[in-house]
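Structure first, commentary second.
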Amino acid sequence: MTFRQARWDEPDVWDLDPEATPGEVPPIPGLPERLRRREAVRWPELAELDVIRHYSRLSQMNFGVDTVPYALGSCTMKYNPRVGELLARRRNAADLHPAQPESTVQGALEVQWRLERLLTKVTGMPEVSLQPSAGAHGEWAALTMVRAYFRDQGTLDRRTEVLLPDTAHGTNPASAAMAGFTAREIPSKDGCVDLAALRAAVSERTACFMLTNPNTAGLFESEILEIAEIVHGAGSMLYYDGANLNAILGITHPGRMGFDVAHLNLHKTFSTPHGGGGPGAGVLAAGERLAPYLPIPRVVKEGRKFRLDYDRPKSIGKIKSAYGNFGLDLRAYAFALVHGEDGLRHVARRAVLNSNYLAHKLGTLLPRPFRTLVKHEFLLSGAPLRERGVRTLDLAKRLLDEGVHAPTVYFPSLVEEALMIELPETESRRTLDAYAAAFERALGDSPEHLHAAPQHLAVSRIDEVRAAREPRLSWKDLRDAPKG
Amino acid sequence: MSRWIPEEHGEEQAMLDALGVPSIEALFADVPKKARIGRMGLAAGMDEAEVVAQIDKILDRNRPLSKFASFLGGRISTRYVPAAVDAIVARGEFLTSYTPYQPEASQGMLRTLFEFQSLWVELTGMDVANASLYDGATAAGEALLLCRRIHDGHRFLIPESLPWEEKSVLANYAGGAGLTLEEIPYDPRSGRLDLERVRARIAGGSDVFGMLADVPNGFGVVDEGLWELKSILKDVPLVVSADPLALTVLEPPGRYGADVVVGEGQGFGIAPSFGGPLLGLFACRREHLRSAPGRIVGATVDADGRRAYAHTIQTREQHIRRSRATSNICTNQALMAVAFVVYATTVGPRGLAALEASLAEKARTLASALSGVDGIQAPRFDAPYLGEFTVELGRGTVDGFLQRLQRRKVLGGVPLADPRAGSGTGPQRLLVAATDAVGDKEIQKYAKAARAAMAAAGGGA
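Taken in order, these protein sequences are the chains called S and W. Under our numbering, the first residue of the first sequence carries the number 550, and numbering increases by one thereafter. Under our numbering, the first residue of the second sequence carries the number 7, and numbering increases by one thereafter.
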């Protein structure tokens, strides 16, 4: 093992300027004295070089796709092509205010319009909105649309439930609750929707069934057409959580599978960088019944001109102050254009090949629940490790010492000690082989080493229990309780 | 085929051989024929160079702010961002990482987010901040939901002067929870909240669970009534939506009783980019911590007793609490939070206060130049303001006025009316910002263009 993460003994930014004392705020023209801040904001004054050095050092204590394979399942951590960064920083893209007159932002509107048209073809849904900032934001917006639809139908007082499989992402039930529905989980069978359980659960109380396909077990819900029939038979809506769209680009799409509304994650499927947790872009796609309810504004083309249309009487209104995350829309558009029709299909093909290849290799080391033909990601169970007094968490930490990012762990909860692994289409066979070798080394290590991992990162195993028990959440807390 | 998908030495065939399947197609045997699609109908792929050329051609149809004397502001700022900020934001270690689910491997991002939280705490006078929400409007929506968790009632008070976009976003957050928004009118002379109305609303056996007020407000007014608001609201939670730059010179909302402080953080180090990505800021009092939305980074120790950082108080969150979570948020705006703290640290606290002072100075010069134009009231409201103020036109429409200015390369401000109401109805107002890119020359240019536009709008008052 040769991997060592940088371990800078770097102070917090405020400790770089120990003399920092809050000064006076200068008199502000027109501002009455009584409204002026008595004490200036307490924050360090630093030379620009010291700022650059501080954050450069911190960045070196952080894994990214640029430096390591990032195997987080359901996160689709693919390579983020730098051409997107180049384009998003063009003055003609970055230096635009959303309140500029439409005649001065025709290019921006055209990019958004073109991306929307492209995504209607990718999703097989007639209308697309780029407004949501993330997948969960799109889920909530879509369910708000479903709510508005049933209100118009006069059945909202009856349609109070949103159903979802027990493998659903946590955002699904949370979004359902925020949109005013009661979320009800349906038990899965062999990792997929149990049709009998679905039939028993669906009723005239069901507003919507939310489904990820392929699901979080990495399995394609092969009975999707029957599922759509059951849901529609009860007059309910079928929602597509696009988190896992990467697996089916150009093979099938939510429209063909019978979904009424969908969200996509441009930061997953269309490669916009994840940025340490965001920003994302969570496109909404809607079928005929829900399209009139999409948020305003909509980008429309009239003749050769583009404009924002606010005249949509059924629209739910706004879900964010401006229209879309334009900087990300631009990156996603460039990604889609480079790939084109066959390239996007190959994204899915290669992602699925990578996943099955790695699953095949790792499946000899740990048990694989459910069937073995998987899509973009797969599950392993770390349950056998228990015999050695080791847990999935220990394995994950030990993997970090190999200079690779761990899989998603302990999700979905129906698999004991779950590991959810996804290395998308941008990873070479060599990397997959290296990942498998690292995995095997980690597994073969002694329980002592596994418990003591990680050893080669900037810090060793973190006491997360203490973080929650004694919350210290800012510099202010550290000042007030300067121990530890 | 693109370089972005590897195909070295026929590796796909080798992988298929290892799997013992004849083709990639066989790996999709679980997708039923009836669910398959043919072609999507997209164009063929292109070289990266061709794509850059094609997109550049489209982007050339934009005319960026630099081509104008721009007075656009509101919640979206066009301030200059020191190049150092983007140098950090663009670092692959930050750019291409994700939510720090493995904190040991992600100390860089966690520590930077901890610094970000600390800065928002210092600016607001609150106790705890989260690691970002989508934008200022959605942060206000989350604050509304927090208020309902800590106080009974079904009505949430908002200023009538709040930007229409934020009202619309708030209506969606409220609607899902079966709650109602109620607007508090402003004093027509000062643009300030009608505190008597708030008092009456609270006194009359209240069904109010919270109130939001903004500083500066939707008219650019710094309303000192906010300083008394909590004494009127008493135990009803107060949310203040505050501009971060304004907070470098204004009393922090923690000093006048705010329970939650939200804001739009884009002005600190993030290009306007036609409105996204933005940055939602959120902080609250410690007693509301368990009701707060979003990721929160906390300090702790590692196995060797050294300081280390991790996400904490996660039992509030969707991945654990599911339908009973405080919010559905997962992906947030972490990289924008990095930009925020790097910007503030680069410019420094004195630099930020000096910047706000200079914008306030410019705004006064601008207001006085515009107030000399027949038919223009600038500022419209008689109350303190910083770098932005409201202009009201005595004749003509905001649309017509702005179009005439645009012909003279002036972007005159942000229309305040809800576009759904139809232009030309209601008071003709716009929010005008003194930006760091304008000087005396641009201000005179605006005044001159405004004079011509008002003359063209027809007969004097």
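Note that the Cβ used here is the ideal one computed from N, Cα and C, for glycine as well.
Around the Cβ of Y86(W), a 10 Å sphere holds fewer than 16 other Cβ atoms; the residue is exposed.
Of all residues in the stretch 278-299 of chain W, the ones placed with a Cβ closer than 8 Å to any Cβ belonging to chain S are P278, S279, F280, G281, G282, P283, L284, L295, in chain order. Identification of chain W residues near W689(S) by a Cβ-Cβ cut-off of 7 Å yields N334, ordered along the chain. When only Cα atoms are considered, L119(W) and N334(W) end up about 20 Å apart.
In this model, S237(W) and L295(W) are separated by some 23 Å (Cα to Cα). Between P259(W) and chain S, the shortest Cβ-Cβ separation is not below 8 Å. Beta-bridge annotation (DSSP): P578(S) is not paired with any residue. Using a Cβ-Cβ cut-off of 8 Å, F758(S) does not count as an interface residue toward chain W, since no Cβ of chain W sits closer than that to its own. Taking 8 Å as the threshold, the shortest C-beta distance from A728(S) to chain W falls below it. Of the residues assessed, T321(W) falls on the exposed side of the cut-off, its CB having fewer than 16 other CB atoms within 10 angstroms. For A881(S), the enclosing alpha helix (DSSP H) covers residues 875-911. The C-alpha of A145(W) lies about 29 Å from the C-alpha of A443(W).
Within the same chain, and ignoring the five residues on either side of L658(S) in sequence, the residues whose Cβ sits closer than 6 Å to its Cβ are V848, F855.
The C-alpha of F122(W) is placed about 35 Å away from the C-alpha of P425(W).
No Cβ-Cβ contact shorter than 8 Å links F730(S) with A690(S).
Bounds of the beta strand (DSSP E) holding K850(S) are 847-851.
Residue range 731-735 is occupied by the beta strand (DSSP E) that includes E734(S), with no alpha helix (DSSP H) assigned at that position. The shortest C-alpha to C-alpha distance from M342(W) to any of R42(W), A50(W), D53(W), A96(W) is the one to A96(W). DSSP places A248(W) in the uninterrupted beta strand (DSSP E) bounded by 244-248. An exposed status is given to T431(W), since fewer than 16 other beta-carbon atoms sit within 10 Å of its beta-carbon. The stretch 636-650 of chain S makes no contact with the stretch 940-947 of chain S; the number of CB pairs closer than 8 Å stays below 3. Below 8 Å, enough C-beta pairs join the stretch 961-976 of chain S and the stretch 614-628 of chain S to call them touching: three or more. For the stretch 956-987 of chain S, residues whose beta-carbon sits nearer than 9 Å to a beta-carbon of chain W comprise T957, V958, F960, E974, T975, E976, S977, R978, R979, T980, L981. Relative to S103(W), the option among G613(S), D1029(S), N795(S) whose CA is nearest is G613(S). In this structure L598(S) is exposed. Its beta-carbon is surrounded by fewer than 16 other beta-carbon atoms within 10 angstroms.
The beta carbon of V255(W) falls within 8 Å of a beta carbon belonging to chain S, placing the residue at that interface. Of all C-beta pairs linking the stretch 823-836 of chain S to the stretch 237-257 of chain W, fewer than three are shorter than 8 Å, placing the two stretches out of contact. Around I773(S), the beta-carbon contacts reaching into chain W at under 7 Å are A41. Counting every other CB atom within 10 Å of its CB across the protein chains shown gives G852(S) a total below 16, marking it as exposed.
Within 10 angstroms of the beta-carbon of I326(W) lie fewer than 16 other beta-carbons, which makes it exposed. Per the DSSP secondary-structure output, F855(S) pairs in a beta bridge with K850(S). In this structure, the straight-line span from the alpha carbon of E323(W) to that of L712(S) is close to 20 Å. Per the DSSP secondary-structure output, C290(W) pairs in a beta bridge with V134(W), V266(W). Ranking F884(S), L968(S), E926(S) by CA distance to the CA of E54(W) puts F884(S) first.
Within the stretch 401-417 of chain W, the residues whose Cβ lies closer than 8 Å to any Cβ of chain S are, in chain order, L408, Q409, Q412, L417. With 16 or more other Cβ atoms from the protein chains shown falling within 10 Å of its own Cβ, T821(S) counts as buried.
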